[in-house]
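Residue numbers (the numbering used here): 182 to 530. Glycine residues also receive a C-beta, built at the ideal position from the N, C-alpha and C atoms.
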């Protein structure tokens, strides 16, 4: 059995092994990494041989770390990356190439329906009734989408929201508020099985799941990079941010919002936190806009969305898909019974 794992920003780790009586046997670690001194590779293989096949990444990494002397240097890889490669060899973890993805192009829906679809699609991916799915958002009315743990009172100015006719919906993932008017951001949701991020911490899974979009941004002329914990930026500043939720049923929701062309004045009237964040950027005069994707690409929003979908499909096995009537009906029921209710929206006052 063989498993491989490419360390984000690092090297490829491969592990060949056999399973004998519930234990790892004939373990052989290889890759294009660097290791000093080189005889430490034998110590790594020896430490892993005999480990139970049910050992998790943390346990496997601990065995490697405990076996190495203090002067051993792992360059371009980690003990955890070896553990992930082993879990993939055993079929406990998966890689991108193990899946075929559904890609759903941007479709105009009520923004609250998109929030509910995150939960609906995650349930289906966890149950295996829909493959891993990348879907792009488009919407027909303004909305503030706050993070699962944010306070409505602290984040949203009710007078500003009322004046501009902007509702508030709480999503299932953490992170910050999304100020969403039609056409002002580029937003997508990626739902994958938990096996794809097996052994990765929340912090590492953000960069792992954002790798493809860094390449997609390069395709539209933006030299972008990942900024821990959850930001995407270029040399001209922040472009967007990610939020994530891991469902115990076996799926991970990872969504990203990038600013295309936002009315900063309106945002500052609606979002209290926006005033604080913008206060050190000198954004005080009227008619200011936050437009990194528009100004840095010179492309229309629709063209960027199409390019992103094409970039993902070139990178991974995928096919174009759409929402089913059942998914839309279930999402609407969730809006009515959960996401549009005061009890959910104001669960953190």
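| Asked | Found |
| --- | --- |
| Out of 384, 345 and 190, which has the shortest C-alpha to C-alpha gap to residue 258? | 190 |
| Judging by CA-CA distance, which residue of 520, 449, 509 and 398 is the nearest neighbour of residue 485? | 398 |
| For the alpha helix (DSSP H) that residue 196 lies in, which residues bound it at each end? | Run containing residue 196: none in the alpha helix (DSSP H); it sits in the beta strand (DSSP E), 193-201. |
| Going by C-alpha to C-alpha distance, which of 530, 253, 482 and 371 sits closest to residue 442? | 482 |
| Rounded to whole angstroms, what is the Cα-Cα separation between residue 393 and residue 380? | 19 Å |
| Would you report the Cα separation of residue 317 and residue 367, rounded to the nearest angstrom? | 8 Å |
| Do you know whose CA, among 479, 350 and 287, lies nearest residue 319's CA? | 287 |
| Going by alpha carbons, who is nearest to residue 428 out of 487, 372, 404 and 391? | 372 |
| Per DSSP, which residues does residue 448 bridge with? Please list them. | The partner list for residue 448 (beta bridge, DSSP) is empty, contrary to what the question assumes. |
| In angstroms with no decimal places, state the Cα-to-Cα distance between residue 328 and residue 516. | 16 Å |
| Sorted by chain position, which residues of the same chain lie with C-beta nearer than 6 Å to residue 520's C-beta, five sequence neighbours on each side aside? | 293, 296, 297 and 350 |
| Along the beta strand (DSSP E) that carries residue 282, what are the first and last residues, could you check? | 282-290 |
| Could you give the C-beta distance for residue 314 and residue 282, rounded to a whole number, given that I count them as a contact under 8 Å? | 7 Å |
| Please name the residue, chosen from 421, 508, 260 and 250, that lies closest to residue 239 on a Cα-to-Cα basis. | 260 |
| Could you check the C-alpha separation between residue 249 and residue 431 for me, to the nearest Å? | 34 Å |
| When burial is assigned at 16 or more other CB atoms within 10 Å of the CB, is residue 330 buried or exposed? | exposed |
| Hey, quick one: how far does the beta strand (DSSP E) through residue 207 stretch, first residue to last? | 204-212 |
| Whole angstroms is fine: what's the gap from residue 363's alpha carbon to residue 369's? | 14 Å |
| Is it a yes or a no for the segment 269-282 touching the segment 409-421, going by three-plus beta-carbon pairs under 8 Å? | no |
| Per DSSP, residue 417 forms a beta bridge with which residues? | DSSP lists no partner for residue 417. |
| Comparing alpha-carbon positions, which option in 305, 233, 262 and 346 lies nearest residue 374? | 305 |
| What residues match up with residue 314 in a beta bridge as DSSP calls it? | 283 and 372 |
| Identify whether residue 319 lies in helix, strand or coil by the three-state DSSP scheme. | strand |
| Under DSSP, the beta strand (DSSP E) around residue 434 begins and ends at which residues? | 432-440 |
| Can the beta-carbon of residue 378 be found less than 8 Å from the beta-carbon of residue 389? | yes |
| Express the C-alpha separation of residue 503 and residue 127 in angstroms, rounding to a whole number. | A question about residue 127 goes unanswered here, because the residues of the chain that appear run from 182 up to 530. |
| Find the nearest neighbour of residue 496 within the set 511, 505, 284 and 269, judged by alpha-carbon distance. | 284 |
| Does the contact criterion of 3 or more C-beta pairs under 8 Å hold for the segment 223-240 versus the segment 197-207? | yes |
| With 16 other CB atoms within 10 Å as the buried threshold, where does residue 241 fall? | buried |
| Taking 8 Å as the threshold (C-beta atoms), are residue 266 and residue 184 in contact? | yes |
| What's the C-alpha gap between residue 302 and residue 256? | 38 Å |
| Quick one: is the Cβ of residue 503 within less than 7 Å of any heavy atom of the ligand GTP? | In the structure shown, the ligand GTP is absent, as is every other ligand, since no ligand is present at all. |
| Going by C-alpha distance, which of 501, 425 and 197 is nearest residue 382? | 425 |
| Rank 489, 236, 253 and 199 by C-alpha distance to the C-alpha of residue 223 and give the top, closest one. | 253 |
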